[in-house]
Structures are given as C-alpha cells and as structure tokens.
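Counting from 1, one number per residue, gives the positions in the sequence shown under the UniProt record's numbering.
Beta carbons are placed, not taken as given, at the ideal position from N, Cα and C, and that holds for glycine.
Note sheet for the following structure.
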Amino acid sequence: MPLISPPALLQAYLSQNPPLRPSNRAPSDTRPINLNVGSLTHCNGSSLVKVGESTIVCGIRAEILPVSEIPHYRASESARQDADNQDEEDEENYEAVTLNNLLVPNLELSTNSHPSFPANVAPSTTAQSLSQRILSFLHSSRLVRMSDLEIRHSSDASNLTALDPDDPAYIEPERDVLKAYWVLYIDCVALSYGGEGSMFDTAVMAVTAALRDVRLPSARWDEDWKIVLCDADFAKARRLSLRGLPCPLSFGVFVPDPKLQLGVDAQVNGAVSGKSKKEMAATVLVDIDAFEDDVCEEKGNVVVDCSGNKSRVLRIEKVGGHGRLGVDGMKEVTRRAETRWTEWNRVLEAALRSAG
C-alpha cells in the first residue's frame, strides 16, 4: 500500500469542491469549546477547557506578598480609581504587576498528554515557550487590574483628630498605605496535546475562565500584629474585575506543492496532458489542529476582545512562511476571531451561571 505524506494528504482534501480538512471541517470552521469552571475546590479559581484534542486544566492560587519583602520597594499612589476611570490606569500604576511578578503562569505538558513529553525530564521547549506566551498575553492585554491585587490600610479618621499636631513626639499617620499585594500563581496542566497553536488557544481560554472564577478573601492589615489577616467568611470574598474578555484564534496558511498538484488534479479534476487545470491558491485554516500545525509553515494567532460593543485587536502573532497572508487575509482572520469571541462569551457565561 503506497504511503502519502501529510502535505499531500492535506492538499488532496483541500482540492475537493467544496474544500474540506481531514477533520471534516471547512477552512473557516472552528471546533466547539467545552468548559467547566470551579472544579478544583482547593484553588481560588479553576477551569477545565477542551477544544478538539487539546485539554487543559487551570488552577489559580493567591498568595500574599508584603511590600516589606520586595527589594528596593518604592511606595506609589493607589491604583484604585472610580469605576469610570478604571480602564484608564496609566502605565506607571501597572508597572508593579510586571516588576514584582504578581502574575506567575506556568504550563506543564504532562507525560500522558503526548508521547513527545517523557517523564522525569526538564520542562520541554514547547512548555516554556507556551508559558512565556501566556505571560506576555496577560501583560499586553492587562487583563487583571492593578487595583484588584492591592491590599491597603486606611487609618481611622476619628483617631487622627484625637492626635495633637503640636506635640513634639507627634508623627503624622499615613491615611492610605499599600501594605501587600496578591500574587496569582496560574498553573496549567495539559491533559492532552493537540498542537502548539491549539494549545495556546486552549490555555488562554482556561486562564481567562479561571480568572473569572477567582475569589479573593477579604484581607486587612492588622496594626498590632503587623501582618495581613484574611476573613474566613467565603461570603465576603470578592471576584476580580477583569478588563474585558479576550478570545484567541490560531491560524495557519497552507501553501500547496506544485509538484503534487498535477497528481491531485489528475485524480480529483481529471487533468490530463501533464498540466494542472487550475493552480491551487494558498488556503488559510483557522483553529488548526496538531496535524495542520505540523504541515503549515506560516502560522500565527490573533487575540480579540469584543466586549462593550467594541471590537479590539489585543495581540497578533505570526511566524514562518513567505508572507502569503496579506492585509486582506489578516482582516478575514480577525473577522473569524470576532465570531469565535461570540461563541466563547456564550460558553463562558453559561458555565459561570451553572457554577453559581
């Protein structure tokens, strides 16, 4: 039985009329999203997302970082603002998130996810690359607000009036002081691996859903003990007020091999005389799986946010290839990403409602 190479197989599928992929999807079709939130009870927030062959479980654990433990810490003004101005935090306020590493994502590709990831070895290059891409996505999108991670202490105004400013031993008390930060450790474990492009999409969705599920306990600074105390009452815990709802969409550009086109046309279109009836153009595939990820040389990812009745492109990645995807192609991918956002928003809201 003759063997067929992966590019030739994909080219044969896309040469059909209408073109179909080996997964029986059209080039512009995406796979359904399966989501569950709040399944890990020992975390502050968790989620499980399955897209095609990619399955990722994400758990977020919140830890307290006192400012006294931050080297060379310099006090700054509060990032807490009115609700109307929350989306206008300047870059200086958000710098603490990056400088103090308040968001710590990590993706582990488990041994059972794919044969390429053996046990008892150092993290693979793919795992480290995906972890760094998730961190870059969190910082570039500013999904987590700086004000949600601050633990501040405000002095009682009634006690301030009882102090005598004329007393030589008088020290002016600080009315609103930043005492600590919340650090979010975002741990993702891949239960099944479906290609690097699909894994990034699934990981971003899992992280976003877990952040929507996070509940931080009510925390206050105790002047006597000089520590941060947390309230054990779960009813007083608060959720994060995330900035928008990002949605990723991976894509790949498949460029047919002219040498293979003659054979494909002869079988599919009945071409004769050693010439192709019609040269097959490059095809853009969205939501690529592991098979297509290996075949496509030019691939990338688009992250959009359509919340608030306004469409925004938060991030664009593209690597490899020979620039076959032009401006019109990127616009079409962005439109597909906006459609994907609508589906992602519907699935996420339904999962959050069912979880309570």
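- The criterion of a C-beta distance shorter than 8 Å is not satisfied by residue 228 and residue 10.
- Per DSSP, residue 73 lies in no alpha helix (DSSP H) and is assigned neither H nor E.
- Between residue 45 and residue 33 a beta carbon distance of about 18 Å is seen, past the 8 Å cut, so the two are scored as non-contacting.
- Pairing residue 315 with residue 64, the inter-Cα distance amounts to about 30 Å.
- If only uninterrupted alpha helix (DSSP H) runs of at least 4 residues are considered, those enclosed by the region 286-354 are 290-295.
- Residue 47 sits away from residue 237, with the two beta carbons spaced by 8 Å or more.
- Inclusion of residue 212 and residue 348 in the CB contact set at 8 Å is warranted, their separation being smaller than that value.
- Apart from the 5 residues on each side of it in sequence, residue 320 sits with its Cβ closer than 7 Å to the Cβ of 297, 298, 299 in its chain, given in chain order.
- About 17 Å separates the beta carbon of residue 135 from that of residue 182, a gap too long to meet the 8 Å contact definition.
- Residue 196 and residue 43 have their alpha carbons spaced roughly 26 Å apart.
- Under DSSP, residue 216 takes part in a beta bridge, and its partners are 238.
- In the DSSP assignment, residue 181 forms a beta bridge with 65, 150.
- Exposed is the label assigned to residue 326, since fewer than 16 other Cβ atoms lie within 10 Å of its Cβ.
- Take the alpha-carbon of residue 184 and the one of residue 101: they are about 9 Å apart.
- By alpha-carbon distance to residue 334, the top candidate from 52, 343, 130, 303 is 303.
- In the structure shown, residue 17 adopts coil according to DSSP, grouped into three states.
- Here the alpha carbon of residue 144 sits roughly 48 Å from the alpha carbon of residue 258.
- Under the criterion of beta carbons closer than 8 Å, residue 204 and residue 248 qualify as touching, at roughly 5 Å.
- Judged by their CB atoms, residue 216 and residue 62 are nearer to each other than the 8 Å cut-off.
- In this structure, the beta-carbon distance from residue 336 to residue 286 falls below 8 Å.
- Here residue 180 is buried, its C-beta having at least 16 other C-beta atoms within 10 Å.
- DSSP places residue 116 in the coil class of the three-state scheme, outside both helix and strand.
- At a Cβ-Cβ threshold of 8 Å, residue 253 and residue 284 count as neighbours.
- Rounded to whole angstroms, the Cβ separation of residue 49 and residue 190 is 11 Å, and the two are not in contact under 8 Å.
- Non-local beta-carbon contacts of residue 110 in its own chain, meaning distances under 8 Å to residues more than five positions away in sequence, involve 117, 189, 190, 191 in chain order.
- A straight line joining the alpha-carbon of residue 129 with that of residue 220 spans about 37 Å.
- Inter-residue distance for residue 310 and residue 69 is about 41 Å (C-alpha atoms, whole angstroms).
- Excluding the 5 residues flanking it on each side, residue 193 has same chain C-beta neighbours closer than 8 Å at 53, 54, 109, 113, 114, 116, 117, 199, 290, in chain order.
- In the structure shown, residue 5 falls within a coil segment according to DSSP collapsed to helix, strand and coil.
- Within the DSSP bridge table, the entry for residue 121 names no partner.
- When secondary structure is reduced to three states using DSSP, residue 53 falls in the coil class, being assigned neither helix nor strand.
- Taking a contact as a CB-CB distance under 8 Å, the pair residue 19 and residue 27 counts as one, their CB atoms being some 6 Å apart.
- The distance from the Cβ of residue 187 to that of residue 120 is about 19 Å, inconsistent with a contact at the 8 Å cut-off.
- Comparing C-alpha distances from residue 71 to each of 58, 99, 56, 350 shows the shortest one belongs to 99.
- Here the C-alpha atom of residue 202 lies approximately 44 Å from the C-alpha atom of residue 223.
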